[in-house]
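Report on one structure; see the data block that follows.
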Amino acid sequence: MNELIETLTTIVGKNHVLTGMDLDDYEQDWRRRARGKALCVVRPGSTQEVALVVNACAVVGASIVPQGGNTGLVGGSIPNSSGTQVVMSLRRMTTVRSIDPENMTITVEAGCVLQSVQEVVDSHGFLFPLSLGAEGSCTIGGNLASNAGGTQVLRYGNARDLCLGVEVVTPQGDVWDGLSGLRKDNTGYDLRDLFVGSEGTLGVITAATMKLYPKPAAQLTAWAALASLEDANRLLGLARRHLGSCLTGFEVMNRFALHLVDKHFPHLRVPMWREHAWCVLIEISDNESEAHARGLFEGLLEIAFERGLVADAIIAESLKQMHDLWHIRESITLAQTAEGFNVKHDISVPISLIPEFVRETDTALATAFPSLRFVNFGHMGDGNLHYNIQVPEGCDAKEFVQTNEERISTIVYDTVSKYRGSISAEHGVGELKLDKLVHYKSNVALNLMRAIKSAFDPRNTLNPGRVLKSNR
Ligand code: FAD
Ligand code: MLT
Ligand code: ZN
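Quick note on this note's numbering: the sequence shown kicks off at 657 and runs consecutively.
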């Protein structure tokens, strides 16, 4: 293995092969649930270097864990505990290769941080709509590898929908230049769509061509308080009809989720949470003007008040207030972490069934574990809830999670399955949901997935034991 480290040093230079020192940033997952041990961290600076590194590892049978911002929530971006895996960090690859205003595309390297891509695109007068709480540190490569969702999926789709082409280094170390800017291409199997969402198990994404959108004339946000999820569902239907394609976000948050934000970040001044069971954040993007957007919102809220769907509401008065409201929503994950160990379920069910799903699952869990605290929030407009659990107050959170997570998640996922939902709407499978996937996905689907993995990566070089089990 020392020889491999020497070869890697020759390829990327000695400053970019990290060993022996504190590798916490690369070996520890964001949720601090798991810690691995890497043989080394290698930081290639170009596609050619990625290809040479992959080839060098494949030749000696070493496996590679591709890594971007390491913000993944399912333990898929850190090495296992063997001390033999090479973590390949793409974070040095941050070149914006080109922007094509007529084709409305941008081609960026995989290590570009999402927020920096949003900013570059904005400076060219366009919108890149992928938006999520980790955008200050997650990378485009990681977004694509995990097919990230976020808060504007309802209007613009997931990372997959925003991607027109990818450049990939295969597990054999070949470079596939699939950086097409085409919106139509039916020349056989869609390789791009296989790499997107493959969580680093089929290839290393080194660059991507992404779609741009016209920057809306105005974006406006409203915060509304509601009595129930049924009302949230009705309000969503009303918003769709009233706002049409101007509706870009519809996020729901329960009282306890907002209580945690208020408790751990009191300076954020969370509105309305004490008196109401649910709050929603609605965003519209308007191509006419802010005044037009405001008129649309006022019209929507007037009907919603008349029908008794909304108990209280505010429309952001300024850009600052709009950012502050979004900041509250994006802080729920951090507030949960501050509160202590927790159990996450990133599920989806048909939107119409969300209220029923939550009622049934809450009841089943409360019967089995009387003092659980429910943190329910997420992308209601996509049928995607973060049905998270905070352990009973006062108990040892780590111990409680270790002892009871399996039973809690089984109750949640059995109900998801009954409603024909998904046990991972946007975070992926990683390591966390390996066993669950085998249980809840059909054998036909699993066998097809295994066949794809062994066709692409017969030596199991890339991220073995993630998404699909392996004996490596
Ligand atoms: P990493 O965490 O480094 O890697 C994620 C996976 O992709 C791993 O399996 C890794 O091996 C693989 N990978 C990384 N880069 C490459 C590459 N170049 N080629 C091949 N494989 C690669 N996710 C959502 O979908 N929606 C949300 O709203 C959302 N909100 C979040 C909020 C917070 C506060 C946090 C911490 C996370 C959130 N996430 C969310 C999860 C996470 O940020 C995203 O999944 C993000 O897309 C991961 O990007 P990353 O660069 O950090 O990838
Ligand atoms: C979010 O939408 O904020 C994250 O995907 C949720 C999470 O941390 O569970
Ligand atoms: Zn989410």
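Backbone N, C-alpha and C fix where the C-beta goes; we use that ideal spot for every residue, glycine too.
Mind reading off the beta-carbon distance from Ser1008 to Asn889? Whole number of angstroms is fine, and I expect it under 8 Å. Your numbering for residue 1008 matches position 352 in the sequence shown. Your numbering for residue 889 matches position 233 in the sequence shown. About 7 Å; that satisfies the 8 Å criterion.
Tyr682, buried or exposed, once every other Cβ within 10 Å from all chains shown has been counted against 16: Residue numbering aside, residue 682 sits at position 26 when the sequence shown is read from its first letter. Counting Cβ neighbours within 10 Å, Tyr682 comes out buried, since at least 16 surround it.
Less than 8 Å separating the beta-carbons of Asn1119 and Thr857? If you number the sequence shown from 1, residue 1119 lands on position 463. If you number the sequence shown from 1, residue 857 lands on position 201. For Asn1119 and Thr857, yes; Cβs fall inside 8 Å.
With a threshold of 16 other CB atoms inside 10 Å of the CB of Lys1000, please say whether the residue is buried or exposed. Residue mapping note: residue 1000 aligns to position 344 of the sequence shown, counting from 1. Classification of Lys1000: buried, given that the 10 Å Cβ count is 16 or more.
For the ligand FAD, I want to know if Asn1119 counts as a neighbour, meaning its beta carbon is within less than 7 Å of at least one of the ligand's heavy atoms. Locating residue 1119 in the sequence shown gives position 463, where the first residue counts as 1. Indeed, a heavy atom of the ligand FAD lies less than 7 Å from the Cβ.
Quick one: measure Cβ to Cβ for Glu986 and Leu916, integer angstroms, because I've assumed they're closer than 8 Å. What you label residue 986 is simply residue 330 of the sequence shown in a count that begins at 1. What you label residue 916 is simply residue 260 of the sequence shown in a count that begins at 1. Not really, about 13 Å apart at Cβ, beyond 8 Å.
Please name the residue or residues paired with Phe823 in a DSSP beta bridge. On the sequence shown, residue 823 is found 167 positions in, with the first residue counted as 1. Note that residue 823 corresponds to Glu in the displayed sequence, not to Phe. The partner list for Glu823 (beta bridge, DSSP) reads Asp833, Ala863.
Is Gly1039 near the ligand ZN, judged by its Cβ being under 7 Å from some heavy atom? Within the sequence shown, the letter at position 383 stands for residue 1039. No, the Cβ of Gly1039 stays beyond 7 Å of every heavy atom of the ligand ZN.
Just to confirm my understanding: we take Arg688, look at its own chain, exclude 5 residues before and 5 after, and list those with CB closer than 6 Å. What are they? Taking the first residue of the sequence shown as 1, we reach residue 688 at position 32. Same-chain partners within the cutoff: there are none.
With contact counted as at least three CB pairs below 8 Å, one residue from each stretch, are the region 973-988 and the region 701-718 in contact? no
Exposed unless 16 or more other CB atoms sit within 10 angstroms - verdict on Tyr1043: Mapped onto the sequence shown, residue 1043 falls at position 387. Classification for Tyr1043: buried.
With burial defined as no fewer than 16 other Cβ atoms inside 10 Å of the residue's Cβ, what is the status of Ser737: buried or exposed? Position 81 of the sequence shown holds residue 737. Exposed, because fewer than 16 other Cβ atoms sit within 10 Å of the Cβ of Ser737.
Would you report the Cα separation of Val824 and Arg1106, rounded to the nearest angstrom? Here the question's residue 824 lines up with position 168 in the sequence shown. Here the question's residue 1106 lines up with position 450 in the sequence shown. In a straight line, the C-alpha of Val824 is about 20 Å away from that of Arg1106.
Please state if the CB of Lys919 and the CB of Phe782 are separated by a distance shorter than 8 Å. The residue you call residue 782 lines up with position 126 of the sequence shown. The residue you call residue 919 lines up with position 263 of the sequence shown. Not closer than 8 Å, so no.
Taking its Cβ as the centre, do 16 or more other Cβ atoms sit within 10 Å of His780, making it buried, or is it exposed? As a first step, residue 780 is located in the sequence shown; it is residue number 124 there, counting from the start. His780 comes out exposed.
Beta-carbon proximity list for Gly701, same chain, < 6 Å, skipping 5 on both sides: On the sequence shown, residue 701 is found 45 positions in, with the first residue counted as 1. The answer, listed in chain order, is Arg748.
Cβ of Ala864 within 8 Å of Cβ of Leu800? Here residue 864 refers to the residue found at position 208 of the sequence shown. Here residue 800 refers to the residue found at position 144 of the sequence shown. Yes, the pair counts as a contact, with Cβ atoms nearer than the cut-off.
Boundaries (first-last residue) of the alpha helix (DSSP H) holding Phe1112: Within the sequence shown, the letter at position 456 stands for residue 1112. Its alpha helix (DSSP H) spans residues 1099-1112.
Could you name the residues of the same chain whose beta carbon sits closer than 6 Å to that of Ser1073, not counting the 5 residues immediately before and after it, in chain order? Position 417 of the sequence shown, counting from 1, holds the residue named residue 1073. Tyr1096, listed in sequence order.
Distance between beta carbons of Gly805 and Glu907, contact taken as under 8 Å: Within the sequence shown, the letter at position 251 stands for residue 907. Within the sequence shown, the letter at position 149 stands for residue 805. In fact, because the Cβ distance is near 12 Å, the residues do not count as touching under 8 Å.
Could you check whether Leu820 and Met866 sit closer than 8 Å to each other, using their CB atoms as the reference points? In the sequence shown, the residue the question calls residue 866 occupies position 210. In the sequence shown, the residue the question calls residue 820 occupies position 164. Yes, these two residues count as a Cβ contact at 8 Å.
Pairwise C-alpha distance: Leu847 and Trp832: Here the question's residue 832 lines up with position 176 in the sequence shown. Here the question's residue 847 lines up with position 191 in the sequence shown. If I take the Cα positions, the gap works out to 10 Å.
Give me the residue from Asp756, Gly725, Arg699, Leu850 with the minimum Cα distance to Gly789. Against the sequence shown, residue 789 aligns to sequence position 133. Measuring from the Cα of Gly789, the nearest candidate turns out to be Gly725.
Suppose contacts are defined by Cβ-Cβ distances below 8 Å. Is Gln1058 in contact with Gln992 by that definition? For this step, residue 1058 is matched to residue 402 along the sequence shown. For this step, residue 992 is matched to residue 336 along the sequence shown. No, the Cβ-Cβ distance between Gln1058 and Gln992 is not below 8 Å.
His1042 bridges to which residues according to DSSP? Here residue 1042 refers to the residue found at position 386 when the sequence shown is read from its first residue. Its beta-bridge partners are Asp1002, Phe1033.
Between Gly1121 and the rest of its own chain, which residues show a CB-CB distance below 8 Å, the 5 nearest in sequence each way excluded? Residue numbering aside, residue 1121 sits at position 465 when the sequence shown is read from its first letter. Taken in chain order, the residues that qualify are Asn736, Glu1087, Leu1090, Arg1128.
Would you say Val852 and Leu835 are within 8 Å of each other, going by their C-beta atoms? Here residue 852 refers to the residue found at position 196 when the sequence shown is read from its first residue. Here residue 835 refers to the residue found at position 179 when the sequence shown is read from its first residue. No, the pair does not count as a contact, with Cβ atoms beyond the cut-off.
Among Glu1016, Glu1062, Lys1054, the one whose alpha carbon lies nearest that of Phe997: Indexing the sequence shown from 1 puts residue 997 at position 341. Of Glu1016, Glu1062, Lys1054, the residue nearest in Cα terms is Lys1054.
The beta strand (DSSP E) enclosing Pro722, as first and last residue numbers: Within the sequence shown, the letter at position 66 stands for residue 722. From DSSP, the beta strand (DSSP E) with Pro722 extends over 720-723.
Contact set for Gly692: own chain, Cβ-Cβ below 6 Å, skip 5 residues either direction: Translated into the one-based positions of the sequence shown, residue 692 becomes position 36. Within the same chain, Gly692 has close Cβ partners Glu683, Ile734, Pro735, Asn736, Ser737.
Output the boundary residues of the alpha helix (DSSP H) element that contains Gln774. For this step, residue 774 is matched to residue 118 along the sequence shown. Looking at the DSSP string, the run of the alpha helix (DSSP H) that includes Gln774 is 770-779.
So if DSSP puts Gly905 in a beta bridge, which residue, or which two residues, is it bridged to? As a working mapping, residue 905 is identified with position 249 in the sequence shown. BP columns for Gly905 point to Glu939.
Gly905 and Val1005: beta carbons closer than 8 Å? Numbered from 1 along the sequence shown, position 249 holds the residue referred to as residue 905. Numbered from 1 along the sequence shown, position 349 holds the residue referred to as residue 1005. Not in contact: Gly905 and Val1005 (Cβ atoms no closer than 8 Å).
Specify the secondary structure class of Tyr812 as computed by DSSP and reduced to three states. To locate residue 812, count along the sequence shown from 1; it is residue 156. It is helical.
Would you check whether the ligand PLP has a heavy atom nearer than 7 Å to the C-beta of His1001? For the ligand PLP, the structure offers nothing, since it holds only the ligand FAD, the ligand MLT and the ligand ZN.
When every heavy atom of the ligand MLT is checked, does at least one fall within less than 7 Å of the C-beta of Ile861? Here residue 861 refers to the residue found at position 205 of the sequence shown. No, Cβ of Ile861 sits at least 7 Å from all heavy atoms of the ligand MLT.
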